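Residues in the sequence shown are numbered from 1396 upward in steps of one, following the working numbering.
In this text, a Cβ means the ideal position worked out from N, Cα and C, and glycines have one as well.
Computed from a predicted model, the values in this text were never measured in an experiment.
A short write-up of the structure that comes next.
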Amino acid sequence: MPALTAREVYQQLRDAAQGIRNFKRLDEHCASNPVQVDIDGWRLTLDVDAGHLRHCLHGQSPDGREYAFDNGQRFGTDPVSLLSTWELAQIERLLA
């Protein structure tokens, strides 16, 4: 089974930011540390620091395919880096 691409994970975040998909936080609310979220069956682990979304550390689609963050990746391969400023602000608001 092929791995998820950054663009596929980005699409879920973008749709959640626009209110197209349901966004649910799965853990206790805190401003930092990895945060688990569900976006219509997609499970994402997000790196949040002082309320700011930094990276998507891991993602799993409903069909079981996975995405894993690699610090050595080039720009544009982290779904968070593909978000517009407005989309990023909306996701951070949903995480608050």
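Proximity of PRO1474 and ALA1401 at Cβ, strictly below 8 angstroms: yes
Cβ-Cβ distance between ILE1486 and LEU1421 below 8 angstroms: no
Exposed unless 16 or more other CB atoms sit within 10 angstroms - verdict on THR1440: buried
When ARG1460, CYS1451, ARG1488 are compared against ALA1398, the one with the closest alpha-carbon: ARG1460
Cα-Cα separation, ARG1449 to PHE1464: 11 angstroms
Residues near ARG1438 in its chain [Cβ-Cβ closer than 6 angstroms; skip 5 each side]: GLN1455
Same chain, Cβ closer than 6 angstroms to ILE1434, neighbours up to 5 away in sequence not counted: GLN1407, ALA1411, ARG1416, PHE1418
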